[in-house]
Amino acid sequence: MNREIILINPGFKEKLPALNIPMGLLYVGSYLSYHHYNVSIRDVNNFSTIKDFFMELESRLNRVLCAGLSVMSSQIPSALHISNYIKTFNPSIPVIWGGVHPSLYPEQTVKSALVDFAVIGEGEITAFALINALKNGKDFLNIKGIAFINKNNNKPVITRKREYLDMDTLPPIDWSLLTDIKRIGNMAEVEKATAAGIPLQTSRGCPYRCTFCINSILKEKYRTRDVHLVLDDLEKLITIGVRRIYFRDELFFFNKKRLLTIVKGIEQRNLRFRWFGSVRSDYFKKGLLDPELLQRLKQSGCAVVGIGAESGSMRILNLLDKRIAVRDIIRAAELLNETGIQANFSFMIGLPGEEEADMKKTVHIIQKISRINNNFMVLGPQIYRPYPGSQLYRLCIKEGMKEPETLGEWGSSPYIESDIKPKNNHLYPWIKYPVVFLHNIIFYTFLLGVKSRIPFLTTIIHMIAQARCTLFFFKFPVEKKLYEFFKKIGINKLLKKMR
Ligand code: B12
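Residue numbers for the sequence shown follow my numbering, so the first one is 98 and each next one is one higher.
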């Protein structure tokens, strides 16, 4: 019997605002199913309650070969809950954890009695090798890129590092694996339920070394998938009704020649869809993303680009080793406005080493963008959250952050919460300001981009936000209190409609 491999995306602490497609599991699952394994993917986030999820899970546990969970740090509580459920049902079912957290902490992960294996980094080939060994009762020591407990001495073993995979060896994604999402309907309906479209990767890795980013640790080598394969992937999606695609590459715009070949292919194959990709702000220059190329991209369907602007302070940008200048951010906002491609900027505040003057510069650059660009969205500024792995994270440890030491400790750590609560201010010793003050900054910069259906209301909201941001005055946040009050009594639905 071809026993099932069940791949699980654990839940998040807060409900996700839109449908999310667990890409890591989809890539791993597609590879296994291409190699004739019987795979199913289940996403806790698509079940109304954890009880419903467990009921479904239990009906499959008698016939599984193993269970694989995809875990980022914020998913640890749910991942532990699920692993415990499986082990209680039958302790001999192998539980494998893959994804960001076990890749950063393989040893800690397998020290937990609830996890048998941690897969480090890219999972396709490693999971295949591991599952072959589990099925055939082979030794695990020769499998690259895993961690487990050596039963002879009870000590954790981390095997040799696996080399980065060649993206051309990846089979096309098996979209039919998204069975529980499919309750929504076909892929066209699934796409509509996502925030930015169906995700796809045309490249992996990143050659930059930003000090806050996980890529400099886990995904440093940049690799691309052959353009013809990419176009085949796109064509397949479009044939099944998808009209919005989110290129989830770390660096979709890295190679101009390749970008142009993709665009040419889209034109030649007459593929009609809207797409979203992430770009660095220093690419908006002559010879790279100039107005001419941007127009061409727009015609090929480019509707939105995400830009990690991070800060309006050059000092902070240097600290982050971001390798962009403040004027690059402004230039990007100008050019995107001229072209009519929506610009989604993301910024951070509350970084180690950040002074009030730096935060002021971030607020002021957001104001500037709001004046230049009519079609912008600022995601944040978000408060910098120290997630393990990056250079900046180590700086936070130096500043006094106490790192959890076991998987259990991680599971109950406030550091994995998606927002910083004011009562936890003391846990972030590098932030020299009350978290409430940072929350106020976030609120008023958010107002800069709010659009109501009533133009007069938009003008008033923008006037207040602009005045507060110019003066950097965020005390007595009466407007925020009013907003929260209306939200509480349920007027936010109405406000959303007006936006
Ligand atoms: C998509 C995404 C999300 C999605 C959810 C993804 C999911 N799993 O369901 C959404 C938008 C919901 C999300 C939310 C958040 N995210 Co996020 N997200 C990403 C992002 C941009 C891409 C991940 C992705 O799909 N990659 C593509 C796939 C193919 O790669 P992959 O996931 O690495 O998977 C490969 C391997 O890891 C491995 N693998 C993965 N799973 C498994 C499982 C098994 C069994 C095996 C064998 C292998 C395996 O194989 C895969 C293929 O090679 C990453 C950034 C990044 N560069 O990775 C951040 C990232 C993962 N997110 C991060 C964070 C911090 C968050 C938030 C907590 C942020 C916040 N404060 O709001 C929130 C949490 C939401 C909440 N409400 O609590 C951090 C995680 C850090 C950490 N230590 O966990 C990252 C790394 C961003 C960063 N640079 O800091 N996120």
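For glycine and all other residues, C-beta sits at the position ideal for the given N, C-alpha and C.
Coil, strand or helix - residue i by DSSP
i	result
residue 596	Confidence at residue 596 is low in this model, with a pLDDT of 49, below 50, so its placement is unreliable and no value can be given for it.
residue 549	coil
residue 470	coil
residue 108	coil
residue 581	helix
residue 366	coil
residue 371	strand
residue 438	coil
residue 313	helix
residue 101	strand
residue 217	coil
residue 117	coil
residue 487	coil
residue 381	coil
residue 446	strand
residue 222	helix
residue 586	coil
residue 576	helix
residue 564	helix
Spatially closest choice to residue i from the options, by CA coordinates
i	options	result
residue 322	369, 314 and 331	331
residue 520	206, 368, 533 and 153	533
residue 105	142, 557 and 133	142
residue 370	392, 338 and 388	338
residue 251	209, 284, 271 and 257	209
residue 212	218, 110 and 246	246
residue 443	265, 488 and 542	542
residue 341	349, 289 and 530	289
residue 599	465, 582, 183 and 490	As shown, the chain starts at 98 and ends at 596. That puts residue 599 outside it, with no answer to give.
residue 420	304, 353 and 505	304
residue 295	372, 229, 243 and 557	372
residue 270	128, 495, 487 and 580	128
residue 260	448, 487 and 222	222
residue 562	315, 551 and 575	575
residue 283	416, 335, 307 and 229	335
residue 174	196, 579 and 513	513
residue 197	180, 114, 157 and 314	314
residue 110	445, 171 and 535	171
residue 254	217, 275 and 232	217
residue 345	352, 530 and 402	402
residue 613	297, 358 and 263	In the structure as shown, the chain begins at 98 and stops at 596. Residue 613 is therefore absent and cannot be evaluated.
residue 525	427, 446 and 150	446
residue 394	458, 99, 354 and 227	354
residue 277	133, 149 and 225	149
residue 450	156, 530, 522 and 300	530
residue 392	436, 243 and 114	436
residue 140	116, 239 and 131	116
Integer Cβ distance of residue i from residue j, believed to fall under 8 Å
i	j	result
residue 324	residue 350	14 Å between Cβ atoms; not a contact.
residue 203	residue 166	No, residue 203 and residue 166 are not in contact; Cβ-Cβ is about 14 Å, not under 8 Å.
residue 413	residue 379	Incorrect: roughly 16 Å between the Cβ atoms, too far for contact.
residue 164	residue 147	Not really, about 16 Å apart at Cβ, beyond 8 Å.
residue 220	residue 195	4 Å
residue 501	residue 515	At roughly 17 Å, the Cβ-Cβ gap does not stay under 8 Å, so residue 501 and residue 515 are not in contact.
residue 121	residue 138	10 Å between Cβ atoms; not a contact.
residue 162	residue 231	7 Å
residue 182	residue 311	Actually they do not touch by this definition, with Cβ atoms about 28 Å apart.
residue 201	residue 214	That belief does not hold up - the Cβ atoms of residue 201 and residue 214 are roughly 16 Å apart, past 8 Å.
residue 135	residue 99	5 Å
residue 460	residue 517	About 18 Å separates the two Cβ atoms, so there is no contact after all.
7 Å Cβ cutoff, residue i in contact with chain D
i	result
residue 102	Here chain D cannot be found, since the structure has a single protein chain.
Which full runs of the alpha helix (DSSP H) of 4+ residues lie inside the stretch 238 to 306, going along the chain?
Fully enclosed alpha helix (DSSP H) runs of 4 or longer: 284 to 290.
Completely contained beta strand (DSSP E) runs for the stretch 498 to 547, where each covers 3 or more residues
Runs of the beta strand (DSSP E) inside the stretch 498 to 547: none found.
Note down, one range per segment and in chain order, each beta strand (DSSP E) of at least 3 residues found wholly within the stretch 316 to 363.
The stretch 316 to 363 contains these whole beta strand (DSSP E) runs: 341 to 344.
Hey, which unbroken runs of the alpha helix (DSSP H) at 4 residues or more fall wholly within the stretch 178 to 211?
Runs found: 197 to 201 and 203 to 208.
Where are the beta strand (DSSP E) runs, 3 residues long or more, that stay fully inside the stretch 127 to 187, in chain order?
As far as the stretch 127 to 187 is concerned, its whole beta strand (DSSP E) runs of at least 3 residues are 135 to 140 and 161 to 167.
Identify every run of the beta strand (DSSP E) within the stretch 386 to 430, keeping only runs that are complete inside it and at least 3 residues long; order them along the chain.
If we require 3 residues or more, the beta strand (DSSP E) runs fully inside the stretch 386 to 430 come out as 399 to 407.
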